[in-house]
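For reference, the structure discussed in these notes is given below.
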Amino acid sequence: MGEFRMPSLGADMEAGTLVEWLVKPGERIKRGDVIATVETQKGLFEVENFEEGIMGEPLVRPGEKVPVGTVLAVIHGQGEPLAEVEERAPARPAEEAGTHAGQVAPPLRPPLSTGTERIAASPSARKLAAELGVDLGTVTGSGPHGAIQRIDVEQAAARVTEERPAEKAPAAPTLRDGMRQAIAAAMSRSNREIPHYYLGMEIDMSRALGWLEGENLKRPIRERILPAVLLLKGVARALGTVPELNGYWIDNRLQTSADVHIGFVIALRDGGLITPAIHHVDKLNLQELMAAMGDLIQRTRAGRLRSSEMTDATITVTNLGDLGVETVFGVIYPPQVALVAFGRIMERPWAENGMLGVRRTVTATLAADHRATDGHRGSQFLEALNNCLQNPEQL
Amino acid sequence: MTREQLTEIIFRILKEIAPECDPSELLPEENIREILDIDSYGFLQMLISISEETGVEIPEADYSRVFTLGGLLDYLMLRVY
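Top to bottom, those sequences are chains A and B.
FYI, this note's numbering numbers position 225 of the first sequence as 225, with every residue one higher than the one before it.
Take any residue in the second sequence, note its place counting from 1, add 395, and you have its number in this note's numbering.
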């Protein structure tokens with residue numbers, strides 16, 4: 001028997017709202033199945049199951065906001081007799097589940113908005129209520145289990161407008177406010193706990209970009225590869241040389257990861273950022289990596305990320321793109337131990353073999369956790385990254 | 396295809412990529428990406444959509460000619476049927 005818990009979708013998450021169950025009690029579920037959707041300050045996520053078994057009775061109802069670690073449902077083993085399944089199945093009151101979880105993951109700070117907690121409402125209704133300044137506590141839900149739906153908010157807003165036509169609704173905290181708070185909490189923790197050191201290297205990109213332009217010329221526009229893909233792949237390769245930068249600092253020791261899952265910083269159009277992981281970057285070829293990156297960007301912006309993508313990044317890469325600044329000094333995303341940042345690719349004077357020329361270059365910066373590695377290893381990483389990018393055909 | 400029709404297509408595509416922006420406020424000489432804050436992935440998506448709607452595929456070597464709205468329109472007008 002296993003427990004399906006509210007996952008921590010990143011160091012900056014303390015609680016989540018269960019939005020929907022995608023499987024029914026009694027249904028057989030496999031590892032990797034998406035069995036629920038959860039809303040956090042960063043949007044809506046599909047949550048995967050990590051246990052083979054039979055879905056038990058849900059312990060948390062749609063619309064309930066519970067701390068990370070709360071048991072959402074029990075997953076029964078395949079071999080367990082059905083009678084036992086039924087016996088264990090009865091739903092516990094949600095409050096009880098909430099208390100249990102409180103012990104598992106104590107919140108670092110008080111919840112953002114106490115007013116709307118435990119009120120069952122669909123995410124779009126919640127969003128609309130925030131936009132219209134409607135207090136969900138005053139709305140009667142017409143959805144399943146009395147959950148508040150968009151239409152209920154619209155009706156409530158209309159009533160409010162009728163009652164107080166001249167009064168403007170007060171601004172309520174929005175999803176974006178919540179995200180700002182979440183980022184603030186995670187980054188404060190990072191700066192407080194992680195002794196960062198920074199190393200930078202200017203990398204000649206002319207060979208890599210020249211090679212890529214030749215490749216893209218052969219491809220239809222839909223299959224073109226962006227320079228960011230070369231940088232991601234270069235990082236994954238270089239981590240093979242310095243694996244100590246790929247992993248976590250947990251329980252006062254470095255735990256390196258055999259898999260390379262790169263958290264890729266994606267800026268959201270209306271502010272804030274999300275850092276979902278591209279899995280197994282070391283094993284993807286450039287075409288596959290481009291597809292994976294595009295898929296991730298689109299799903300991030302559409303709010304269809306999976307829980308595993310939010311939890312298992314082993315290192316972070318931020319690429320402020322070709323319009324931004326030259327150099328980026330990143331803040332490590334705990335419990336990771338390194339972040340690699342790329343500035344903009346730009347033309348610069350470049351001296352080599354006694355000759356001065358103009359090259360397209362990028363500044364790569366490594367922010368690393370000094371508890372886990374030292375500058376010597378860090379510089380070996382940047383050197384390895386440089387070597388990879390000088391041999392683009394091998395990426 | 397007229398310049399007006401092309402402008403309409405470009406605005407519609409830009410609105411999909413940058414929903415919170417009003418592309419019609421773009422001046423012809425302004426850099427589209429800078430003004431609308433579009434990253435390299437968004438820019439590539441824009442070019443893919445343009446090529447699908449107009450049949451004009453813009454090679455990377457010509458990117459510098461299509462960074463502004465005016466440049467993009469001129470480029471497409473010369474190649475579109």
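Positions of the beta carbon are idealized from the N, C-alpha and C atoms, including for glycine.
Asked, Found
"Between which two residues does the beta strand (DSSP E) harbouring A/N319 extend?", "315-319"
"Pull up the CB-CB distance for A/E3 and A/V71, whole angstroms please, since I reckon it's below 8 Å.", "5 Å"
"Assuming A/I203 and A/E215 are in contact, meaning their beta carbons sit under 8 Å apart, how far apart are those beta carbons, in whole angstroms?", "Not really, about 19 Å apart at Cβ, beyond 8 Å."
"Going along chain B, which residues have a C-beta under 8 Å from A/G294?", "Y436"
"Let me know the secondary structure DSSP gives B/I412 once reduced to three states.", "helix"
"Which word fits A/V325, buried or exposed, when buried means at least 16 other C-beta atoms lie within 10 angstroms of its C-beta?", "exposed"
"Could you pull out every residue in the same chain whose Cβ sits closer than 6 Å to the Cβ of A/P106, ignoring the five residues on either side in sequence?", "Caution is warranted here: a pLDDT of 34 is assigned to A/P106, below 50, making its placement in the model unreliable, and the coordinate value is therefore given only provisionally. Hits under 6 Å: none found."
"From the DSSP output, read off the bridge partner residues of A/K65.", "A/T17"
"If you scan the region 292-355 of chain A from start to end, which runs of the beta strand (DSSP E) of 3 or more residues do you find wholly inside it?", "315-319, 338-342, 346-352"
"Between the C-alpha atoms of B/T449 and A/P220, what's the straight-line distance to the nearest angstrom?", "15 Å"
"For the region 349-356 of chain A against the region 313-321 of chain A, do three or more pairs of beta-carbon atoms, one drawn from each stretch, fall closer than 8 Å, so that the two count as touching?", "no"
"Counting pairs of beta carbons, one from the region 357-377 of chain A and one from the region 446-461 of chain B, are three or more of them closer than 8 Å?", "no"
"Are three or more beta carbon pairs between the region 287-296 of chain A and the region 22-40 of chain A nearer than 8 Å?", "no"
"Could you check whether the Cβ of B/P414 sits closer than 8 Å to any Cβ belonging to chain A?", "yes"
"Mind listing which residues of the region 440-457 of chain B have their C-beta closer than 8 Å to chain A's C-betas, in chain order?", "L442, I443, S446, E452, I453, P454, E455, A456"
"Note the first and the last residue of the continuous beta strand (DSSP E) segment covering A/M55.", "53-58"
"The beta strand (DSSP E) that contains A/V38, what's its start and end?", "34-40"
"For the region 220-245 of chain A, list every residue whose C-beta sits within 9 Å of some C-beta in chain B, in sequence order.", "P220, I221, R222, R224, L226, P227, A228"
"Cβ closer than 7 Å: which chain A residues qualify as neighbours of B/E353?", "With chain B running from 396 to 476 in the structure shown, residue 353 of chain B is simply not present."
"Given this structure, state the Cα-to-Cα distance separating A/P396 from A/G354, to the nearest angstrom.", "Residue 396 of chain A is absent from the model: chain A starts at 1 and stops at 395."
"For a cutoff of 8 Å on Cβ pairs, would you count A/I297 as touching chain B?", "yes"
"What residues from chain B crowd round A/L273, counting only those whose CB sits closer than 7 Å?", "Here the premise fails: no neighbours, minimum Cβ distance about 12 Å."
"Evaluate B/D417 with the Cβ neighbour count: other Cβ atoms within 10 Å of its Cβ, from every protein chain shown; 16 or more gives buried, anything less gives exposed.", "exposed"
"Leaving out the 5 sequence neighbours to the left and right, which residues in its chain are closer than 6 Å to A/M179 when beta-carbon positions are compared?", "Q41, K42, G272"
"Quick check: A/D282 and A/V260, are their CB atoms within less than 8 Å of each other?", "yes"
"Leaving aside the five residues before and after B/E403 along the sequence, list all residues of the same chain whose C-beta is less than 7 Å from its C-beta, in chain order.", "none"
"Here's a check: name, in chain order, each residue in its chain whose Cβ is nearer than 8 Å to the Cβ of A/P227, leaving out the five neighbours to either side.", "M205, A208, L209, L212, D322, I345"
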